[in-house]
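Engineer: If you count the sequence shown from 1, you need to add 13 to reach the working numbering. All C-beta atoms, glycine included, are put in the ideal place defined by N, C-alpha and C. What follows is a structure written as structure tokens; I'll ask about it next.
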Amino acid sequence: MFYLSTRDKAIKVLHSQAILNGIAADGGLNIPENFDELKFNPQELESMSNLEISERILGSFFTDFTKEEIKEVVKKAYVGKFPDNDIAPLSAVGDDFVMELYHGPTCAFKDVALSALPHLMIKAKEKNNVDETVLILTATSGDTGSAALTGFADVPGTKIIVFYPKTGISVIQERQMTTCKGKNVNVCAVEGNFDDAQRGVKQIFANAEKLREEMPGIVLSSANSINIGRLAPQIAYYFKAYKELMKNGTIKCGEPVNFTVPTGNFGDILAGYFAKKMGLPVGKLICASNQNDVLTEFFETGIYRSKRPFHITKSPSMDILVSSNLERLICMVAGHEKTKEYMKKLAETGEYKLTSQEHGTMLAEFDSGCANDEETLATIKSVYREHEYLMDTHTAVAWKVCQDWKQTQTDPGVNVILSTASPYKFAGSVIEALTGQKLEDTGFELMYKLHEMTGSAIPESLEAIKDMSPLHNDVTDKNEMQNYIIEKGRN
Ligand SMILES: *Cc1c(COP(=O)(O)O)cnc(C)c1O
């Protein structure tokens, strides 16, 4: 299986190399050469276990791994980490279904991919005779950091350093990171905001040559969602949801299902599009955004316009103006040459415009919508009142967008809403939604308050960190991040 750069189809790498490289040599993203080799007939699903679905998909993406190796990756990624080895339980809520992707170790959907990526990466190292230690560098605004730390902790041949902004993340998110065990993990607060931390990490990647000299035996990599090794594991839950809907009699094999996805970097929803290209009967993929509605505008007009005000919202993991993974969709609808042109325009002017034909191709597969904070909170409250179902802010954005979309359809069909975080991870906003009270972020107190109010269970992994003392208390100036890496990388 070859992967091509989204910006130049002459730039090719083989399967597991794509995981190691993360990004193509010309700055584009890796995309499968063709989807025919990836075909997965949904009739096969009936006799498959959840783990077998993941194996089937990862095996077709990374053809240089043996069956045994893939089995081992999937086992290490999921067994004992997700209840009943189920990465995505489905709940019926009203007429629709909510796919809960947050039952992993850190209670957000990024666990699904970041539990698998480290094991894919060490296998890829073996296959490509890479002896160096892979050092993962990540800047996080919250969810990615703890999922990446937990995924890479004590994985041999890897080290990980996570930088998070000292201001702007929640008490629980910080505690999830600073209590992370593992001999190969480092967590460091940066004096500044998320942009400062992110800029620091980007500069370090740009300066990788120098760091190579300073840290012999180390190669730098990223756990960012542009890595194909993060995207591929996510495809599994679309197939798994389909299997479950056949099993419970909601659909017959071949009938379409629509998915609404709370979207930030466009990784989660793109995995759904890949599933469709592989043969899953997906109807519409509905892209849900918060007040940062750059994608809604893009789907409506065909114009991507990144120069616009940035809003800090109650669904912070979707606060983003440039969705990196969108580049893969652009390549699939407009081709490599046009993608190169559009990405150049985006970098230079902050915008680009699809032709009406390209826009039309995209709209045959996707729809979109957005919800602001007020609508998000009102949705949490009304869904809880009507269905006794508690959802977090990100899920609520998607729920609202899905309901609005259904109103516009004569036959809305079967709809699945992806739920990306536990309500306990965003307890302050959920309490505000239910009571109208705006509370100070006191961390664990909020969790217990939400539990008292609703009687729903606090996820074990979140409750467990309450009594754990922080293992990491490093803080660095934003201009000193490189020195911090050199110091930790050498040891
Ligand atoms: C990362 C994240 C998202 C957005 O997912 P993308 O793949 O970046 O589109 C949505 N919700 C939560 C809770 C997340 O952590």
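Residues bridged to residue 272 by DSSP?
Structural biologist: Residue numbering aside, residue 272 sits at position 259 when the sequence shown is read from its first letter. Answer is 298, 429, bridged to residue 272.
Engineer: Assess contact between the stretch 317–330 and the stretch 400–407, defined as three or more Cβ pairs (one per stretch) separated by less than 8 Å. Is contact present?
Structural biologist: As far as the Cβ criterion goes, the stretch 317–330 touches the stretch 400–407, which means the pair count is three or higher.
Engineer: If I follow the unbroken beta strand (DSSP E) through residue 74, where does it start and stop?
Structural biologist: Numbered from 1 along the sequence shown, position 61 holds the residue referred to as residue 74. Unbroken run through residue 74 is the alpha helix (DSSP H), 63–74; no beta strand (DSSP E).
Engineer: Is it right to say residue 308 is buried, meaning 16 or more other beta carbons lie within 10 angstroms of its own, or is it exposed?
Structural biologist: Here residue 308 refers to the residue found at position 295 when the sequence shown is read from its first residue. By the 10 Å Cβ count, residue 308 comes out buried.
Engineer: Please give the ranges of any beta strand (DSSP E) in the stretch 92–154, keeping only runs that are unbroken, at least 3 residues long and fully inside the region.
Structural biologist: Segments of the beta strand (DSSP E) lying fully in the stretch 92–154: 103–106, 109–113, 146–152.
Engineer: Taking the alpha helix (DSSP H) that residue 338 belongs to, which residues open and close that run?
Structural biologist: One-based indexing of the sequence shown puts residue 338 at position 325. Looking at the DSSP string, residue 338 is not in any alpha helix (DSSP H), and its letter there is neither H nor E.
Engineer: Should the stretch 371–388 be regarded as contacting the stretch 339–358, the criterion being three or more beta carbon pairs within less than 8 Å?
Structural biologist: Yes, they touch.
Engineer: Do you know how far the Cα of residue 441 is from the Cα of residue 491?
Structural biologist: What you label residue 491 is simply residue 478 of the sequence shown in a count that begins at 1. What you label residue 441 is simply residue 428 of the sequence shown in a count that begins at 1. So the alpha carbons of these two residues sit roughly 29 Å apart.
Engineer: Relative to ligand 1, is the shortest distance from any of its heavy atoms to the C-beta of residue 90 smaller than 7 Å?
Structural biologist: As a first step, residue 90 must be located in the sequence shown, where it is residue number 77. Flag unset: Cβ of residue 90 not near ligand 1.
Engineer: What runs of the beta strand (DSSP E), each 3 residues or longer, lie entirely inside the stretch 151–218?
Structural biologist: Whole beta strand (DSSP E) segments, 3+ residues: 171–178, 198–204.
Engineer: Measure the alpha-carbon distance for residue 79 versus residue 56 and round it to whole angstroms.
Structural biologist: For the purposes of this step, residue 79 is identified with residue 66 of the sequence shown, where counting begins at 1. For the purposes of this step, residue 56 is identified with residue 43 of the sequence shown, where counting begins at 1. Going by the C-alpha atoms only, they are around 24 Å apart.
Engineer: Roughly how many angstroms lie between the CA atoms of residue 411 and residue 503, to the nearest whole one?
Structural biologist: On the sequence shown, residue 411 is found 398 positions in, with the first residue counted as 1. On the sequence shown, residue 503 is found 490 positions in, with the first residue counted as 1. Each residue's Cα considered, the two are about 44 Å apart.
Engineer: Report back the beta-carbon spacing between residue 218 and residue 154 to the nearest angstrom; my notes put them in contact at under 8 Å.
Structural biologist: Position 205 of the sequence shown, counted from the start, is the residue given in the question as residue 218. Position 141 of the sequence shown, counted from the start, is the residue given in the question as residue 154. About 18 Å separates the two Cβ atoms, so there is no contact after all.
Engineer: Please go through the same chain and pick out, in chain order, the residues whose beta-carbon is closer than 7 Å to the beta-carbon of residue 99, but skip the five residues on each side of it.
Structural biologist: On the sequence shown, residue 99 is found 86 positions in, with the first residue counted as 1. 63, listed in sequence order.
Engineer: Who are residue 17's beta bridge partners in DSSP?
Structural biologist: As a working note, residue 17 is residue 4 in the sequence shown. 25, 44.
Engineer: Under 7 Å: does the beta carbon of residue 18 sit that close to some heavy atom of ligand 1?
Structural biologist: Here the question's residue 18 lines up with position 5 in the sequence shown. No.
Engineer: Would you say the beta carbon of residue 407 comes nearer than 7 Å to a heavy atom of ligand 1?
Structural biologist: Start at 1 with the first residue of the sequence shown, and residue 407 comes out as number 394. Yes; taking the cut-off as 7 Å, the Cβ of residue 407 has a heavy atom of ligand 1 nearer than that.
Engineer: Taking the alpha carbon of residue 469 as the point to measure from, which residue in 424, 401, 422 has its own alpha carbon closest?
Structural biologist: Here residue 469 is taken as the residue at index 456 of the sequence shown, counted from 1. The shortest Cα separation from residue 469 among 424, 401, 422 belongs to 401.
Engineer: Determine the DSSP secondary structure at residue 57, reduced to helix, strand or coil.
Structural biologist: Walking along the sequence shown from the start, residue 57 turns up at place 44. In this structure, residue 57 counts as helix in the three-state DSSP scheme.
Engineer: Starting from residue 233, follow the beta strand (DSSP E) in both directions and report where the run begins and ends.
Structural biologist: Taking the sequence shown and counting its residues from 1, one reaches residue 233 at position 220. Here the beta strand (DSSP E) through residue 233 covers 231–234.
Engineer: Could you tell me if residue 252 is buried or exposed, where buried requires 16 or more neighbouring beta carbons within 10 angstroms of its beta carbon?
Structural biologist: The count along the sequence shown starts at 1 and reaches residue 252 at position 239. Its Cβ being crowded by 16 or more others within 10 Å, residue 252 is buried.
Engineer: Does the Cβ of residue 484 have 16 or more other Cβ atoms within 10 Å, making it buried, or fewer, making it exposed?
Structural biologist: By 1-based counting over the sequence shown, the position of residue 484 is 471. Label assigned to residue 484: exposed.
Engineer: Touch check for the stretch 63–78 and the stretch 261–273: three-plus C-beta pairs under 8 Å?
Structural biologist: The stretch 63–78 is not in contact with the stretch 261–273.
Engineer: Assuming residue 256 and residue 58 form a contact by the criterion Cβ under 8 Å, report the distance between their Cβ atoms to the nearest whole angstrom.
Structural biologist: The sequence position of residue 256 within the sequence shown is 243, counting from 1. The sequence position of residue 58 within the sequence shown is 45, counting from 1. Between residue 58 and residue 256 the Cβ distance is about 4 Å, and since that is below 8 Å, they are a contact.
Engineer: For ligand 1, I want to know if residue 306 counts as a neighbour, meaning its beta carbon is within less than 7 Å of at least one of the ligand's heavy atoms.
Structural biologist: Here residue 306 refers to the residue found at position 293 of the sequence shown. Incorrect: residue 306 has no Cβ contact closer than 7 Å to ligand 1.
Engineer: Report the partner residues of residue 382 according to the DSSP bridge assignment.
Structural biologist: Counting from one through the sequence shown, the residue named residue 382 turns up at place 369. Bridge partners of residue 382: 301.
Engineer: Given this structure, state the Cα-to-Cα distance separating residue 190 from residue 184, to the nearest angstrom.
Structural biologist: For the purposes of this step, residue 190 is taken as the residue at position 177 of the sequence shown. For the purposes of this step, residue 184 is taken as the residue at position 171 of the sequence shown. Near 10 Å, if we compare the C-alpha coordinates of residue 184 and residue 190.
Engineer: Any idea if residue 144 is buried or exposed, counting beta-carbon neighbours within 10 angstroms, 16 or more meaning buried?
Structural biologist: One-based indexing of the sequence shown puts residue 144 at position 131. With fewer than 16 Cβ atoms within 10 Å of its Cβ, residue 144 is classed as exposed.
Engineer: Verify whether the separation of the beta carbon atoms of residue 224 and residue 499 is less than 8 Å.
Structural biologist: Taking the sequence shown and counting its residues from 1, one reaches residue 224 at position 211. Taking the sequence shown and counting its residues from 1, one reaches residue 499 at position 486. Yes, they are a contact pair.
Engineer: Given this structure, state the Cα-to-Cα distance separating residue 323 from residue 254, to the nearest angstrom.
Structural biologist: Counted from its first residue, the sequence shown places residue 323 at position 310. Counted from its first residue, the sequence shown places residue 254 at position 241. Approximately 34 Å, taken between the alpha carbons.
Engineer: Can you give me the start and stop residues for the beta strand (DSSP E) that residue 316 sits inside?
Structural biologist: Position 303 of the sequence shown holds residue 316. Segment 316–318, the beta strand (DSSP E) holding residue 316.
Engineer: Would you decide whether residue 426 is buried or exposed? Buried here means 16 or more other CB atoms lie within 10 Å of its CB.
Structural biologist: Taking the sequence shown and counting its residues from 1, the one referred to as residue 426 is at position 413. Looking at its Cβ environment, which holds fewer than 16 other Cβ atoms inside 10 Å, residue 426 is exposed.
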